[in-house]
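Sequential numbering of the sequence shown, starting at 78, is according to the numbering used here. Report on the structure given below.
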Amino acid sequence: MSPLSSAERRALLALARRAIVEVVEHGSLPEPPAVRGALAEPQAAFVSLHSRGRLRGCIGQVEPVASLAETVQFCAVAAATRDPRFAPLSPEELEELEIEISVLSPRQTVRPEQIEPGVHGVRILAGTAQALLLPQVATRFRWSRERFLEEVCLKAGLSAEAWRDPQTRIEAFTAEVFSEADFREQARAS
């Protein structure tokens, strides 16, 4: 899939915001969006919510089972209401909420040395255990390749060294990441 246009990115961010407001303020799920083009293509994505610079929810769909627009809408609502690490979002939090969307490339099985922190996200699979970390996580925490692999293993409930086991599958992907802040910064710059 080629990169999304600025208009498509804005449309996805607006869709995510409307879905979150609808569910948080009114308790109702929005209708699935009517879209065309890239937004209608099946695509894997994550929606991350931040408040005052801190993570407030993050839910994703790692398989491209629905249109990108439907996936973003579903993940936005889930991040706001069903991330088990956080209480559901309250209406008072909406004003400070910052939405970030990560559109994932297809995953590929790789060797550990092929992973570039900040470029690749990683999914670890070992037996029934699995976990995924987005590329921006390694950048945010300034992790080395080894630390990134250790952290995704720990997230999966495995030992930090499980990535070294030949039976552990390591998948890498890239992500097109954009947020509401990107467009505020562009508006201030122009």
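Note that beta-carbon positions come from the ideal geometry of N, C-alpha and C, so glycine has one too.
Beta-ladder partner(s) of residue i, from DSSP
i: Gln-207; result: Leu-202
i: Gln-138; result: Ala-122
i: Thr-158; result: For Thr-158, which the question treats as bridged, DSSP gives no partner whatsoever.
i: Pro-194; result: His-197
i: Phe-255; result: Ile-178
i: Glu-248; result: Thr-186 and Arg-200
i: His-127; result: Leu-132 and Glu-175
i: Ser-144; result: Pro-119
Proximity winner among the options, relative to residue i (alpha-carbon distances)
i: Glu-53; options: Ser-79, Leu-81, Ser-82 and Arg-86; result: Lying before the first or after the last residue shown, residue 53 is absent from the chain, which here runs from 78 to 267.
i: Val-149; options: Val-100, Leu-116, Ser-128 and Leu-171; result: Leu-116
i: Glu-169; options: Ala-157, Gly-204 and Pro-183; result: Ala-157
i: Ile-201; options: Trp-240, Pro-194 and Gln-191; result: Trp-240
i: Pro-80; options: Val-214, Arg-261, Ser-105 and Phe-255; result: Phe-255
i: Ala-121; options: Thr-216, Thr-251 and Glu-257; result: Thr-251
i: Thr-205; options: Gly-134, Leu-92, Arg-94 and Thr-245; result: Thr-245
i: Leu-171; options: Arg-133, Ala-237, Thr-186 and Arg-219; result: Arg-133
i: Ser-221; options: Leu-235, Leu-126, Pro-110 and Pro-189; result: Pro-189
i: Ser-125; options: Arg-162, Ala-237, Val-196 and Gln-207; result: Arg-162
i: Arg-224; options: Ala-237, Arg-94, Ala-96 and Gln-207; result: Ala-237
i: Gly-195; options: Leu-211, Ser-167, Ala-143 and Cys-230; result: Leu-211
i: Ala-203; options: Asp-242, Pro-165, Glu-147 and Leu-90; result: Asp-242
Inter-residue CB distance, residue i and residue j (contact presumed, cutoff 8 Å)
i: Glu-118; j: Leu-145; result: 6 Å
i: Ile-136; j: Asp-160; result: 6 Å
i: Phe-123; j: Ser-82; result: Rounded, the Cβ-Cβ distance is 20 Å, inconsistent with contact.
i: Glu-248; j: Arg-184; result: 4 Å
i: Val-154; j: Val-100; result: 5 Å
i: Ala-208; j: Ala-233; result: 4 Å
i: Leu-174; j: Ser-105; result: Not really, about 18 Å apart at Cβ, beyond 8 Å.
Boundaries of the alpha helix (DSSP H) in which residue i is found, first to last residue
i: Ser-182; result: Element bounds for Ser-182: n/a, residue is neither H nor E.
i: Arg-222; result: 222 to 232
Opening and closing residue of the beta strand (DSSP E) in which residue i lies
i: Phe-58; result: Residue 58 cannot be examined here, being either before or after the span of the chain that is shown, 78 to 267.
i: Ser-82; result: Element bounds for Ser-82: n/a, residue is neither H nor E.
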